[in-house]
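Novice: I am attaching a structure below and will ask some questions about it afterwards.
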Amino acid sequence: MKKRLIKALMIVTVAAAVLCGCSKKDEGKVKLDPNNPVSLTVWHYYNGAQQAAFDQLVEEFNASKGKEIGIYVEGYSQGSVMDLEKAISDSAAGKVGAQEMPDIFSTYADTAYELQKDGKLAKLNAYFTPEEQAQYVDAYISEGYFTEEDLYLFPIAKSTEIMMLNVTDWEPFAAATGSKVEELATVEGVTEVAKRYYEWTDSLTPDVEGDGKAFYGRDSMSNYFVIGMKQMGVEIFDAKNGVVTLRPDKDKIKRLWENYYVPYVNGYFTSFGKFRSDDVKTGDIIAYTGSTSSAMYFPDEVVLDDGSKAIDYMVLAAPCMEGGENYNVQQGAGMAVVASDAQHEYAACEFMKWFTEKENNIRFAAASSYFPVRKDANTVPAVDEVVAKENLKMNPKTYDCMKNILGRYDTIKFYTPKSFSNGFATRKVLDYNLSDKAVADRALIDEQVAAGANRSEATAPFVTDEAFEAWYEEFCNALNNAAK
Numbered sequence: 005m006k007k008r009l010i011k012a013l014m015i016v017t018v019a020a021a022v023l024c025g026c027s028k029k030d031e032g033k034v035k036l037d038p039n040n041p042v043s044l045t046v047w048h049y050y051n052g053a054q055q056a057a058f059d060q061l062v063e064e065f066n067a068s069k070g071k072e073i074g075i076y077v078e079g080y081s082q083g084s085v086m087d088l089e090k091a092i093s094d095s096a097a098g099k100v101g102a103q104e105m106p107d108i109f110s111t112y113a114d115t116a117y118e119l120q121k122d123g124k125l126a127k128l129n130a131y132f133t134p135e136e137q138a139q140y141v142d143a144y145i146s147e148g149y150f151t152e153e154d155l156y157l158f159p160i161a162k163s164t165e166i167m168m169l170n171v172t173d174w175e176p177f178a179a180a181t182g183s184k185v186e187e188l189a190t191v192e193g194v195t196e197v198a199k200r201y202y203e204w205t206d207s208l209t210p211d212v213e214g215d216g217k218a219f220y221g222r223d224s225m226s227n228y229f230v231i232g233m234k235q236m237g238v239e240i241f242d243a244k245n246g247v248v249t250l251r252p253d254k255d256k257i258k259r260l261w262e263n264y265y266v267p268y269v270n271g272y273f274t275s276f277g278k279f280r281s282d283d284v285k286t287g288d289i290i291a292y293t294g295s296t297s298s299a300m301y302f303p304d305e306v307v308l309d310d311g312s313k314a315i316d317y318m319v320l321a322a323p324c325m326e327g328g329e330n331y332n333v334q335q336g337a338g339m340a341v342v343a344s345d346a347q348h349e350y351a352a353c354e355f356m357k358w359f360t361e362k363e364n365n366i367r368f369a370a371a372s373s374y375f376p377v378r379k380d381a382n383t384v385p386a387v388d389e390v391v392a393k394e395n396l397k398m399n400p401k402t403y404d405c406m407k408n409i410l411g412r413y414d415t416i417k418f419y420t421p422k423s424f425s426n427g428f429a430t431r432k433v434l435d436y437n438l439s440d441k442a443v444a445d446r447a448l449i450d451e452q453v454a455a456g457a458n459r460s461e462a463t464a465p466f467v468t469d470e471a472f473e474a475w476y477e478e479f480c481n482a483l484n485n486a487a488k
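Every position in the sequence shown, counted from 1, becomes a number in the working numbering once 4 is added.
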């Protein structure tokens, strides 16, 4: 009798395990109950049109696939990317007053990597078969593998960099100087054109010396360093298994210094607003390099002290280091799933699969200026098909960016560094070290000019080999300290 009872209990236990799907080794058996749906919370940083598009898709999921299988999703914007990062880190650390960790959250690889080290993230390859992963752009999937075996970050939408040009103000300059758009294909070409533009605008007011206007600015300095170095054949962050070797090759770093810091302190480049699209709007520059997701913010008019004027635009490839390989940055936050139980992890992955289905993902991309992540969605004809079928209203600048990148996708090499310990802090050195110095030194030069100095003479000490050597030593020390 006792043996029969034990046998019966074993059968019941095994059956319950299969029905509940609680074994992490067999997530395909996880069962959800439509009458008692699993609730998921998603934190993201989308705002405006991006948030509206995300919320609409979440609502549709809840009313269709989610209702059918037993999942209910609620999305919450945490504000900016930095606000989201702080909310996640505070929550993960259990700080007083912090909210409970969400089930899914948008994040960049550096942040996700630190959380994964602490065991906070679910292993997503347990829920995505190799065949399912193969449906996504290979580079997008590989970015989320923090170890050779385990996927922790899933691609939802991606972006890269482009160059946006105010064609209205470009045309009279080009006609007067013989400048060609083709010159903007290289970083060095942009520097030459910017110098020419400064000198041409200075010549328009012969009675005022040294009042030329800046031509160009860029949003992400870390991208400038990472991609510029990669184009020249060096990974500045050579990371393997979470450990980084810094490779700030001196000669190559000097080329980057000569094509950002030097033109900046000379007045050929500048930065005033939070983003360079703001500087186009105020007429302080007429071209910038920035994320494709920023295209929708490129202004339709320039607002000056004496009024405003409408402007047209052109989308160009992000400039490449002269003689370098055609690498573009691969960016855009993915989504991570908080480690919890099989039901919540499985439900989170089911939502992400649905969100990245071809039509759903293109709809989000069309509204948000991001790119879809599946191979079958990552072409101009695929986008055109869904836009026509769904009668989507797509921002013309967003479409032109998408057409520019997807139309030559096979010729671009996309790159993002592997994640490593202290990667966030080290990347911040690239973002601010040189750009802050350029702003500060330009202000010193302007002070000397205001006091009566000649601008060329005031600038000269800042752009010598000795000045580079002093900065380079400080830059390398800052990188090393951040990476420790």
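C-beta atoms are modelled at their ideal positions from N, C-alpha and C, and glycine is treated no differently. Computed from a prediction, not measured in an experiment: that's the story for all the values here.
(1) Can you give me the C-alpha to C-alpha distance between Gly-411 and Pro-385, rounded to a whole angstrom?
(2) How would you call Pro-134, buried or exposed, if buried means at least 16 neighbouring beta carbons within 10 angstroms?
(3) When you compare only the Cα positions, how much space is there between Phe-375 and Glu-203?
(4) According to DSSP, is Met-86 helix, strand or coil?
(5) Are there 16 or more other CB atoms within 10 angstroms of the CB of Ser-43, so buried, or fewer, so exposed?
(6) Only counting the same chain, and skipping five residues up and downstream in sequence, which positions put a Cβ closer than 6 angstroms to that of Lys-217?
(7) By the 10 Å Cβ neighbour count, where 16 or more other Cβ atoms means buried, how is Asn-39 classified, buried or exposed?
(8) Can you give me the C-alpha to C-alpha distance between Thr-415 and Val-141, rounded to a whole angstrom?
(9) Could you check whether the stretch 169-185 touches the stretch 353-371, counting it as contact only if at least three pairs of C-beta atoms, one from each stretch, sit closer than 8 angstroms?
(10) Might you give, ordered along the chain, the residues of its own chain that have their beta carbon closer than 7 angstroms to the beta carbon of Arg-446, omitting 5 neighbours on each side?
(11) Anyone know if the C-beta pair for Val-46 and Val-85 falls short of 9 angstroms?
(12) Ser-295 and Gln-335 look like a contact to me (Cβ under 8 angstroms); what is the Cβ gap, rounded to whole Å?
(13) How big is the Cα-Cα spacing for Ser-281 and Ile-257?
(14) For Ala-343, name the three-state secondary structure that DSSP assigns.
(15) Check for me: the beta strand (DSSP E) holding Leu-125 runs from which residue to which?
(16) Measuring CB to CB, does Asn-399 end up less than 9 angstroms from Ile-160?
(17) Please report how far the alpha carbon of Ile-75 lies from the alpha carbon of Ser-344, in whole angstroms.
(18) Report yes if the CB atom of Gly-291 is closer than 9 angstroms to the CB atom of Ser-373, and no otherwise.
(19) Return the bridge partner residues of Asn-170 from the DSSP annotation.
(20) Given this structure, state the Cα-to-Cα distance separating Arg-222 from Gly-427, to the nearest angstrom.
(21) Which of the three DSSP states is assigned to Asn-245 in this structure?
(22) How many angstroms separate the CA atom of Val-494 from the CA atom of Phe-276?
(23) Whose CA, out of Gly-79, Thr-111, Asn-51, lies closest to the CA of Glu-64?
(24) In angstroms with no decimal places, state the Cα-to-Cα distance between Thr-402 and Asp-316.
(25) On a CA-only basis, which of Ala-102, Ala-457, Lys-121, Ala-143 is nearest Gly-338? Give me that one, please.
Specialist: To lay it out plainly:
(1) Here residue 411 refers to the residue found at position 407 of the sequence shown. Here residue 385 refers to the residue found at position 381 of the sequence shown. Looking at the two C-alpha atoms, the distance is approximately 10 angstroms.
(2) Translated into the one-based positions of the sequence shown, residue 134 becomes position 130. Per the 10 Å Cβ criterion, exposed.
(3) For the purposes of this step, residue 375 is taken as the residue at position 371 of the sequence shown. For the purposes of this step, residue 203 is taken as the residue at position 199 of the sequence shown. Computed Cα separation, rounded: 38 angstroms.
(4) To locate residue 86, count along the sequence shown from 1; it is residue 82. Reduced to three states, the DSSP call for Met-86 is helix.
(5) Position 39 of the sequence shown, counted from the start, is the residue given in the question as residue 43. Label assigned to Ser-43: exposed.
(6) Here residue 217 refers to the residue found at position 213 of the sequence shown. Excluding sequence neighbours, Lys-217 sits near Thr-205.
(7) Working through the sequence shown from its first residue, we reach residue 39 at position 35. Answer is exposed; the Cβ neighbour count stays below 16.
(8) Within the sequence shown, residue 415 is the residue found at index 411, counting from 1. Within the sequence shown, residue 141 is the residue found at index 137, counting from 1. Looking at the two C-alpha atoms, the distance is approximately 15 angstroms.
(9) no
(10) To locate residue 446, count along the sequence shown from 1; it is residue 442. Tyr-268, Val-269.
(11) Start at 1 with the first residue of the sequence shown, and residue 46 comes out as number 42. Start at 1 with the first residue of the sequence shown, and residue 85 comes out as number 81. Going by C-beta atoms, Val-46 is not nearer than 9 angstroms to Val-85.
(12) One-based indexing of the sequence shown puts residue 295 at position 291. One-based indexing of the sequence shown puts residue 335 at position 331. 7 angstroms between Cβ atoms; contact.
(13) Along the sequence shown, one-based indexing puts residue 281 at 277. Along the sequence shown, one-based indexing puts residue 257 at 253. Computed Cα separation, rounded: 27 angstroms.
(14) By one-based count along the sequence shown, residue 343 stands at place 339. Ala-343: coil per DSSP, three-state reduction.
(15) On the sequence shown, position 121 is the one that residue 125 refers to. Unbroken run through Leu-125: none, as it is neither H nor E.
(16) For the purposes of this step, residue 399 is taken as residue 395 along the sequence shown, with counting starting at 1. For the purposes of this step, residue 160 is taken as residue 156 along the sequence shown, with counting starting at 1. It is not a contact, given that the beta carbons lie outside the stated cut-off.
(17) In the sequence shown, residue 75 corresponds to position 71, counting from 1. In the sequence shown, residue 344 corresponds to position 340, counting from 1. Taking the straight line joining both Cα atoms gives about 16 angstroms.
(18) Within the sequence shown, the letter at position 287 stands for residue 291. Within the sequence shown, the letter at position 369 stands for residue 373. In the sequence as presented, Gly is not what sits at residue 291; that position holds Ala. Not in contact: Ala-291 and Ser-373 (Cβ atoms no closer than 9 angstroms).
(19) Position 166 of the sequence shown holds residue 170. Partner(s): Tyr-317.
(20) Position 218 of the sequence shown, counting from 1, holds the residue named residue 222. Position 423 of the sequence shown, counting from 1, holds the residue named residue 427. Roughly 22 angstroms between the two C-alpha positions.
(21) Numbered from its first residue, the sequence shown carries residue 245 at position 241. If DSSP states are grouped into helix, strand and coil, Asn-245 belongs with coil.
(22) Because the chain spans 5 through 488 in this model, residue 494 falls outside it and cannot be assessed.
(23) Here residue 64 is taken as the residue at index 60 of the sequence shown, counted from 1. It is Gly-79 whose Cα lies nearest to the Cα of Glu-64.
(24) One-based indexing of the sequence shown puts residue 402 at position 398. One-based indexing of the sequence shown puts residue 316 at position 312. If you take the alpha carbons of Thr-402 and Asp-316, they lie about 14 angstroms apart.
(25) To locate residue 338, count along the sequence shown from 1; it is residue 334. Checking every option, the nearest Cα to that of Gly-338 belongs to Ala-143.
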